[in-house]
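Heads up: the sequence shown at position 795 corresponds to 1087 in this note's numbering, and the numbers run straight through without jumps.
Structure first, commentary second.
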Amino acid sequence: MTAPTPPTPPFRDPHLPFAKRIDDLLARLALDEKIGFLHQFVPAVERLGIAAFRTGQEALHGVAWMGPATVFPQAVGLGATWNTDLVRRVGEAVSAEVRAMRARDDRVGLNVWAPTVNLLRHPLWGRNEEGYSEDPKLTSAIATAYTHGLRGDHPTYWRTAPVLKHWLAHNNETDRDTSSSSVRPRVLHEYDLRAFREAVEAGAVAGVMPAYNLVNGRPNHVSPYLREHLRAWTDEELLVCSDAGAPSNLVDSEHYFDTHEEATAAALLAGVDSFTDHGTDSSKIVARVKGAVAQGLLTEADIDAAVRRQLSVRFRLGEFDGHEEPGAFDTPEHRALAREAAEQAVVLLKNDGVLPLAPDTRIAVVGLLADECKLDWYSGTLLHRSTPLEGLYERFGADRVEFAEGVDRVRLRTSTGAFLHVPEADADDEVRGAEGALDPALLAGRTDLPPLTTDPVGTELALVDWGDDVLTLRAPDGRYLSVAEDGYVRASADQPGGWVVQETFRLEPHGNGHLLRHLGTGRHVCVAADGVKVAEEDAEVLELVVVERGEEAVARVAARADVVVAVAGNDPHLNGRETEDRTTLRLPGHQERLLRAARAVNPNTVLALVSAYPYAVDAGSLPALLWTAHGGQAAGTALARVLAGDVSPAGRLPQTWYADDADLPGLLDYDVIGSRQTYLYFEGTPLFPFGHGLSYAAFSYGDLMTRVTGDAVHVSFTVTNTGEVTADEVAQLYTRAVEPSVPRPRRELVDHRRITLAPGERAELAFEVPLSAFEFWDVAHGRWRREPGPYDVMAGASSEDIRLRTTVRLDGTPAAPRAVRERGLDGADFDEQSGVEIVDRARTSGDAVTAAEGRTGELIYRDCDFGSGVTGLTATVSGEGTVEVSLDGGPVVAVLTVAEVGGPYDYTELGAAITAEGLHDVRLGLRGRVRLAHVGFSG
């Protein structure tokens, strides 16, 4: 007799709703099994037929870290396209490659950690390349498009499950795991939360990753905003994955909790569901969770909530139904899309008529980036490669293009008179990529390649100074000098790279020569009997013998050309990257010298900046200037086609380009309103404004019409191509409050459209701007509010190139005084401040304010209504110092002195007499280490 077939468990039944299936599966899991789900690498549960799972697969602009893949432009380049349809198609291609790679390598994860939606508030942020824009509206539009592409279009199952990075207000690498971003409520609601919110509400986001930093004194990994905001925006279960190592930082570097059990429990209760810590070793996180349970810090229900959210993602991916999304890898369509994206990302910043280049132009291509196709930390390995030089050779012919890289060619002489020598490398196919180039990932750590030696002639090395005295040295065959774990110096890297870059050096004057310090280890180069290595002692004094200056080679080829194309920019692994912020907007001195050398002999010098971030350059002396982010595998071909006029450029700047370092606020100043940051508030003259970009065509705007309905302002206008070539235009729609009662943006992007028009073609564009777009966060009453009155509606080609303008009058809620007798004043709800930081009122929630270190803080609260009168006030304070109270800028009317009696969270209530009635501005002065949470009034 045949045994009956066991019934299908409900969690395997595809006809049931996901929620019921998850309930069933949770009930079948033992507590230890559920705890195992909380680490990034989830083990299999074989008794239930559940496979192992991992959260996290980097996919910022292609599948990263898993070998060859299609490499699209950097995220900031995708932002520069201002093209949501294109970015959605890029997301679709990336998710198809994830699925195809997963089919042959189960290490490839379907929970992708992308995109990055941190706003590009400050252009010196080292990870500028990872974000889309300084503007929350543009950022959320591009992010929404990318996540929809990553999610796929199946009605039930997701192709991949995207996680947004990095929650929240994360825009500095300096002290990134210990620094706190002081974010006032208006900036929080109107700026930082918006980029996340609109993407989440669009419905294709599976979760978020908290950032390393703290916000208002509290680590993002225990932020109450995960519950109060993020999870209130959607009915979908959202998975929160920690950043790598961040759970341990809560104790080890941030010292926010005393024990890892407390920290892990607090993070899980705040909303973290998957802990990325200690690599593939889950034992430490498992032990911490079990310890927290044993101490009564966590219950099984708390663990269930986190496991439920993780299972929700896995069900949506089709794991429990055997669903497989079709994959595709390195297809002709993906290659064409990579080129299209690279073309659309090119921004023409200036053009006095030298571009496009005529077919018979003799071109000198010069510069350190001219024959490079640079990858960044979140790139895949190139399957195809196109440099600007290769693109111009292909487009104009090798007989019309001459090249000079512009490196300094040097030899290094030792104290014995011998020179450093690079032995020939017998690099076999094991360390070569798809096209025969040395692959840095395969070369990393190689110790079988011969180390440097010395001989009477030595090797001529290509020396580049990338700024801040950071040097690279390259052998004649293209290999970079690098240091392996054994400490020996070898020519073994195809490019600088790695988490700790081992290919950078610094020359330090010493006597009549230099010491050569290796920056990766901090040690100096020395010469031993068995080769050249780095060591703590016996540093070799080296003489730098210059064979040729780079500017000499540049001047030679520039003088023979009709036009010079100078390609400058950055290496994404040096001087501005994850873990390292930039120090200046200026081009490195080496590249400035090359540009000057080219211009001195040929005024027809076009500068093409290929970089992950803006630069402050002397645009006035250049006939043409372009910028593109590192454009992936098709970067060179795309740039050449734009220079030749095969494609009319239509990229637009996704962030303000400032003219000077003096225009920038402090890197850690997150108050975009108070310090007038980004195009929204900046009152100076930018080098190039947000949204700027030129074309080979011309466009006229007309027929602006507006109509106000109950929930939106409907706007329409026409755009006509008045030029002679087919081209794209990016029409931008901005608004501005004409008579605001509080500081509002000078103008604010509310929508945009990228369109293609043939010569003479006209298009009518229509937009529906929700009335909520005209609101601001009213700190006096803790809510969104739209003021009644006039609002400008502006259409144009950039934030400063406004072609059409009209004014609409909107109704709304008039300003009302602060009812301080009823509500008092929360410390962080100020209208203006100076010298103040927002800090955590308690570890779990709430804000307080304190004076910034070494400063006297001042807070201003406008239009406080004391009604018929008050006779006293109370202040909820901790720490040590004084609170001084004055009205309307007059003399101090009350002083409260706080004597420290406990820790920062041990608040006390102090009282003082004060007489006031009617409307007044309240000013509070903070001195010392006092923390102010609230001021109340009575009488």
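For every residue, glycine included, the Cβ atom is placed at its ideal position computed from N, Cα and C.
Cβ separation of residue i and residue j, assumed to be a contact under 8 Å, to the nearest whole Å
i: Val382; j: Tyr438; result: 7 Å
i: Leu879; j: Tyr907; result: 6 Å
i: Gln587; j: Ala942; result: Rounded, the Cβ-Cβ distance is 59 Å, inconsistent with contact.
i: Ala1140; j: Ala1072; result: With 8 Å as the limit, Ala1140 and Ala1072 do not qualify as a contact, their Cβ atoms being about 19 Å apart.
i: Phe991; j: Val1005; result: No, Phe991 and Val1005 are not in contact; Cβ-Cβ is about 23 Å, not under 8 Å.
i: Tyr988; j: Gly1015; result: 7 Å
Endpoints, the beta strand (DSSP E) within which residue i is located
i: Ile655; result: 655-658
i: Lys312; result: Not the beta strand (DSSP E): Lys312 falls in the alpha helix (DSSP H), residues 310-320.
i: Arg1095; result: 1094-1102
i: Arg701; result: 700-705
i: Ile1206; result: 1200-1208
i: Val1061; result: 1054-1062
i: Leu808; result: 805-810
i: Ile965; result: Counting along the chain, Ile965 falls outside any beta strand (DSSP E), and DSSP gives it neither H nor E.
i: Asp1213; result: 1211-1220
Collapsed DSSP secondary structure at residue i in the structure displayed
i: Ile1130; result: strand
i: His547; result: coil
i: Gly583; result: helix
i: Glu840; result: strand
i: Thr929; result: helix
i: Lys457; result: strand
i: Glu727; result: Its pLDDT being 39, under 50, Glu727 is placed unreliably by the model, and nothing is read from it.
i: Asn420; result: helix
i: Gly683; result: helix
i: Leu734; result: Its pLDDT being 47, under 50, Leu734 is placed unreliably by the model, and nothing is read from it.
i: Glu872; result: strand
i: Lys266; result: Residue coverage of the chain in this structure runs from 293 to 1231, which leaves residue 266 outside it and unanswerable.
i: Arg394; result: helix
i: Glu722; result: Only weak support exists for where Glu722 lies, its pLDDT of 44 falling under 50; the coordinates are left without a value.
i: Ser774; result: strand
Enclosing alpha helix (DSSP H) for residue i [first to last residue]
i: Glu529; result: Unbroken run through Glu529: none, as it is neither H nor E.
i: Gly881; result: 881-893
i: Leu979; result: Careful: Leu979 lies outside any alpha helix (DSSP H) and carries neither H nor E.
i: Arg631; result: 624-637
i: Gly499; result: Counting along the chain, Gly499 falls outside any alpha helix (DSSP H), though it belongs to the beta strand (DSSP E) covering 499-502.
8 Å Cβ cutoff met for residue i and residue j
i: Leu808; j: Val817; result: yes
i: Thr556; j: Arg523; result: no
i: Val839; j: Thr813; result: no
i: Val256; j: Asn896; result: Any answer about residue 256 is impossible in this case: the structure gives the chain only from 293 up to 1231.
i: Pro768; j: Thr751; result: yes
i: Gly418; j: Arg869; result: yes
i: Phe982; j: Ser1137; result: no
i: Val781; j: Val824; result: yes
i: Ala1023; j: Arg1045; result: yes
i: Ala503; j: Pro454; result: no
i: Tyr1026; j: Arg1036; result: no
i: Val909; j: Ala656; result: no
i: Arg1113; j: Gly1159; result: yes
i: Pro788; j: Glu421; result: no
i: Val1175; j: Ala1208; result: no
i: Ala620; j: Val658; result: no
i: Thr362; j: Glu338; result: no
Residue burial classification, residue i (beta-carbon count within 10 angstroms, cutoff 16)
i: Asn463; result: buried
i: Lys312; result: exposed
i: Val1227; result: buried
i: Asp691; result: exposed
i: Asp822; result: exposed
i: Ser1232; result: Residue 1232 lies beyond the stretch modelled for the chain, which goes from 293 to 1231, so this question has no answer here.
i: Thr1200; result: exposed
i: Leu340; result: exposed
i: His984; result: buried
i: His1212; result: buried
i: Asp398; result: exposed
i: Ser604; result: buried
i: Asp427; result: buried
Closer than 8 Å to chain B by CB, residue i
i: Ser1160; result: The structure shown contains no chain B; it holds only a single protein chain.
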